[in-house]
Each structure stands twice: as structure tokens, then as C-alpha cells.
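Asks: Please see the structure below; I have some questions.
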Amino acid sequence: FFKRIAYSGAHDATAAWVEAGKADAGVLNASVWDKLVAAGKVDTDKVRMISTTPPYYDYNWTVRGNLDPALVEKIKAAFLALDPANPEHKAILDLQAASRFIETKPENYEGIEEAARAAGLLK
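Taking our numbering, the leading residue of the sequence shown gets 2, the next gets one more, and so forth.
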């Protein structure tokens, strides 16, 4: 369907490519799109959103499978303890545009896996 597929390297760059006519369409995170529009960094007369995916778990933190379980628990506890009311913690959360981190589990990614299989990305 597509004659050429390219990777811009960043969500905001993707929007800029479409706005500049370097790409006919692009895919980016909806929260990044919303921030670009709110900040006036994208011309919505030249670029528009045509579709969004259903909500899904995104931006997870993953550790090596054979990492010491005690260290895994310390890392998990540190992420879950981040409190946006604490200025030092808020600075860390702001780096990911997050208000907090939540624990997840493999079942939360079944929809993504199904989509990848349907698209032929996984067998």
C-alpha cells in the first residue's frame, strides 16, 4: 500500500514531516499530538488526526529476565513510590510526562500482541 516507509526518530518530528509534506501520513502518540496542538507547534490546517487506537498499556519499564529478584523488587518499589507531590519525584515523572507509574502484568499486553500477530509482525 505504501511506496515508502520512514522512521522520523521522534513523535514531534513525525508531525513536522507531515506538515512539511515530507510524508503523506504519520503515526504518533496521541498525548504528544495534543501537546503539539495546544502549544501551536503544528498547523492543524495542514495536518489532522484521522484515527486513534483504543487505549492500551504503554511505556513500560522492563528488566532483564535473570536480574536478581531482590533488585527487581527495589527497582519496582522505587518507580511505584514516585509521588508527584514531591518536587524531586515530580521532576522524574515529568521526564516521562507521567503523573505516576502503575504495576502491570503480561495479560495487559494481549491486545497489542494480537494486533501484531494480525499484522504479521509476530508468528
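Every residue, glycine too, gets a C-beta built ideally from N, C-alpha and C.
Only a predicted model underlies this, so the values are computations on that prediction, with no experimental measurement involved.
#1: Measure the C-alpha to C-alpha separation of V48 and K36 and round it to an integer number of angstroms.
#2: Could you check where the alpha helix (DSSP H) with V33 kicks off and where it finishes?
#3: Assuming contact is defined by CB atoms lying nearer than 8 Å, are V1 and G10 in contact in what I supplied?
#4: Would you mind giving the Cβ-Cβ distance between A21 and L29, rounded to the nearest angstrom? I have them listed as a contact below 8 Å.
#5: Assign W34 to buried or exposed, taking buried as 16 or more other Cβ atoms, counted over all protein chains shown, within 10 Å of its Cβ.
#6: If I measure Cβ to Cβ from G66 and keep anything under 7 Å in the same chain, skipping five residues before and after, which residues do I get?
Replies: Quick look at the numbers:
#1: Distance between the alpha carbons of V48 and K36: 14 Å.
#2: Element bounds for V33: 31 to 39.
#3: Within the shown structure, residues of the chain are numbered from 2 to 124, placing residue 1 beyond reach of any answer.
#4: Not confirmed; about 15 Å, so no contact.
#5: buried
#6: none
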